[in-house]
Amino acid sequence: MSMMNGANWQDEPTDYDMLGKLPRKQPLNDPPPANVMGSLSITAAAADPELLDLPWHIALEEWPEEYLAALPRGISRHIVRFAKLGGSVIAVKETGEHIARHEYHMLRRLQRLDVPCVEPVAVIRDRQTPDGRPLDPVLVTRHLKFSLPYRALFSQMLRKDTLTRLIDAQALLLVRLHLIGFYWGDVSLSNTLFRRDAGAFAAYLVDAETGELYPDLSTGQREYDLEIARVNIAGELMDLLEGGLIDTEVDPVATSERIMDSYRNLWAELTEKESFELGERWRVSARIRRLNELGFDVEEYAIKTTAGGSTIQLQPKVVDAGHHQRRLLRLTGLDAQENQARRLLNDMDSFRADNFPDQDEEIAAHAWVSQVFEPIVRAIPKELSGKLEPAEVVHQVLEHRWYMSEKLDRHVPLAETLQSYIDTVLRHRRDEAAIMLNPDTQTLKILEAEAARQAEDEFDDDEADVDVEDPVQAD
Numbered sequence: 001m002s003m004m005n006g007a008n009w010q011d012e013p014t015d016y017d018m019l020g021k022l023p024r025k026q027p028l029n030d031p032p033p034a035n036v037m038g039s040l041s042i043t044a045a046a047a048d049p050e051l052l053d054l055p056w057h058i059a060l061e062e063w064p065e066e067y068l069a070a071l072p073r074g075i076s077r078h079i080v081r082f083a084k085l086g087g088s089v090i091a092v093k094e095t096g097e098h099i100a101r102h103e104y105h106m107l108r109r110l111q112r113l114d115v116p117c118v119e120p121v122a123v124i125r126d127r128q129t130p131d132g133r134p135l136d137p138v139l140v141t142r143h144l145k146f147s148l149p150y151r152a153l154f155s156q157m158l159r160k161d162t163l164t165r166l167i168d169a170q171a172l173l174l175v176r177l178h179l180i181g182f183y184w185g186d187v188s189l190s191n192t193l194f195r196r197d198a199g200a201f202a203a204y205l206v207d208a209e210t211g212e213l214y215p216d217l218s219t220g221q222r223e224y225d226l227e228i229a230r231v232n233i234a235g236e237l238m239d240l241l242e243g244g245l246i247d248t249e250v251d252p253v254a255t256s257e258r259i260m261d262s263y264r265n266l267w268a269e270l271t272e273k274e275s276f277e278l279g280e281r282w283r284v285s286a287r288i289r290r291l292n293e294l295g296f297d298v299e300e301y302a303i304k305t306t307a308g309g310s311t312i313q314l315q316p317k318v319v320d321a322g323h324h325q326r327r328l329l330r331l332t333g334l335d336a337q338e339n340q341a342r343r344l345l346n347d348m349d350s351f352r353a354d355n356f357p358d359q360d361e362e363i364a365a366h367a368w369v370s371q372v373f374e375p376i377v378r379a380i381p382k383e384l385s386g387k388l389e390p391a392e393v394v395h396q397v398l399e400h401r402w403y404m405s406e407k408l409d410r411h412v413p414l415a416e417t418l419q420s421y422i423d424t425v426l427r428h429r430r431d432e433a434a435i436m437l438n439p440d441t442q443t444l445k446i447l448e449a450e451a452a453r454q455a456e457d458e459f460d461d462d463e464a465d466v467d468v469e470d471p472v473q474a475d
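Numbering (UniProt numbering), first residue to last: 1 to 475.
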């Protein structure tokens, strides 16, 4: 523990091997010890003095607008506010001390396991008003840049097909959590954030206060988590349907039940055994390819010959998401979403075949970055650079080039593609990196409505066009 500017900074919890919930060190309603009364107690991985600039002596619901950032947020049983902290945005949630400590601990562990979730920053206790009235502790997490709550997407009459994609993304996140032994306990759209991932959705866990981490989950635990998801999602969709915010043809119950089918299909592909004849060893490669297409990689197999010597059983022992993401990072140092990485790697492989067929893939990858990726990013005007992440911009430029070439029935140079993309697409997009301070209710509604409209338009466009596996080459 250390002292800084009147605050007690404590190291994060270190009992990472403990199963289930953290023990309560003191009753939830006990007052803080007398020796720290009047000063903050902060548990964090690293001391961040800028945290002390925020008005912790004021109840979160009453924070002045000058400290707040206007970003859409989902429904929560707790008071949640977004605030600016240095060059980033944090989410502050007022809750009980044990709940805050447990959730902080869980998020730290999930991060170490490379699970898509928000980043925990600190737990702040011993808050009190100037007149000595105690205030609830808070959990501080870092806002996931370029993300929105699922409910923000459901605010502008989303079509059934787009809604289905969101449910599939939720199912994929749940499978990833269950594979590492995490029982969520409160699966819902409101407890999930999405990020656009090359025309698809990538889902991130936001709320882990009911979660527990075990070495493995039983079938009963997984099925119960799945049932919670089905019921919660159905209830949320019914609420949106009643408010006229989703297509009237959408059946909330049937749509929510899709998460059951989507989850089980993916779970089976990852975990079920497969038997085949010895002469059909190609099925091993086929199984790996199917897993890669689902965004997963395989590290180990259990191949067993039966007593008769005629069959082999294949069981993926260790699987993890991010096959394309890791390959792109290894080759180029670019950290992109999985679908973005897949699209960029396709272009990189074609670039290598056309220009450096005999070169090592690492050398060809370096040439692709310098001759394709970096020129596209540098060509984006400074005033438009906050519209999208660089990887998403490059992905969209490559897609735009293919559509232009098809429409014009000729090869379109990269320079011509860039100018067309900037003028006809990028300039008209909402600035996803922008942070609006001094929010009011009307501003927040406009922001949420525009985000939902933009997402719906993009995915409608995706569905109207033909999917293309082989990208057109960059110059």
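Using N, Cα and C, we set each Cβ at its ideal position, and we do this for glycine too.
C-alpha of Arg73 to C-alpha of Trp282: approximately 48 Å in a straight line. Straight across, the Cα-Cα distance linking Gln396 with Asp53 is about 40 Å.
Judged by their CB atoms, Phe82 and Ala69 are nearer to each other than the 8 Å cut-off.
Beta-carbon to beta-carbon, Leu40 and Trp56 are separated by about 6 Å, close enough to satisfy the 8 Å threshold. Val250 and Arg77 have their C-alpha atoms some 27 Å from each other. A residue is called buried when at least 16 other Cβ atoms come within 10 angstroms of its Cβ; Asp225 meets this threshold and is buried.
Annotation for Asp261: the continuous alpha helix (DSSP H) segment containing it runs 252-271.
Straight-line spacing of the CA atoms in Ile259 and Asp335 works out to 29 Å.
For the pair Ala202 and Gln111, the CB atoms are not nearer than the 8 Å cut-off.
Per the DSSP secondary-structure output, Ala341 pairs with nothing in a beta bridge. Fully contained in the region 102-180 are the following alpha helix (DSSP H) runs of length 4 or more, in chain order: 150-153, 160-179. In the DSSP assignment, the residues bridged to Ala202 are Arg195. In this chain, the alpha helix (DSSP H) harbouring Glu406 covers 390-408.
Around the CB of His102, 16 or more other CB atoms lie within 10 Å, so the residue is classed as buried. Within its own chain, the residues whose Cβ lies closer than 6 Å to the Cβ of Asn292, once the five positions on either side in sequence are excluded, are His323, listed in chain order.
Of the residues His178, Tyr104, Arg142, Lys145, the one whose Cα lies closest to the Cα of Arg125 is Tyr104.
In the three-state reduction of the DSSP assignment, Phe351 falls in the helix class.
Annotated three-state conformation of Lys382 is helix, per DSSP.
It is roughly 42 Å from the alpha-carbon of Ser188 to the alpha-carbon of Glu361.
The shortest CA-to-CA distance from Thr164 to any of Arg133, Ser262, Leu135, Glu227 is the one to Ser262. Taking 8 Å as the cut-off, the Cβ atoms of Thr210 and Tyr150 do not count as close. CA-CA distance, Phe356 to Thr417, rounds to 23 Å. For the set Arg429, Val394, Val425, the Cα lying nearest the Cα of Leu414 is the one of Val394. The straight-line gap separating the alpha-carbon atoms of Leu177 and Gln340 is approximately 22 Å. CA-to-CA, the gap between Asp197 and Ile303 works out to about 35 Å.
Taking Phe373 as the centre and dropping the five residues before and after it, the same chain places the C-beta of Val394 closer than 6 Å to its C-beta, in chain order. Judged by pairs of C-beta atoms under 8 Å, the region 85-100 touches the region 133-146, as three or more such pairs exist. Between Val377 and Pro390, the C-beta spacing is below 8 Å. CA-CA distance, Leu179 to Val115, rounds to 10 Å. For Tyr183, the pairing in a beta bridge is given by DSSP as Glu212. When the five nearest sequence neighbours on each side are left out, the beta carbons in the same chain lying within less than 6 Å of the beta carbon of Ala208 are those of Glu103, Met106, Leu107, in order along the chain. Counting every other CB atom within 10 Å of its CB across the protein chains shown gives Ser218 a total below 16, marking it as exposed.
Pro137 places its beta carbon less than 8 Å from that of Thr95. From the listed residues Ser420, Ala152, Asp131, Ala45, the smallest Cα separation to Pro120 is found for Ala45. Only buried fits Arg352, as 16 or more other CB atoms lie within 10 angstroms of its CB.
When the five nearest sequence neighbours on each side are left out, the beta carbons in the same chain lying within less than 7 Å of the beta carbon of Asn232 are those of Val187, Ser188, in order along the chain.
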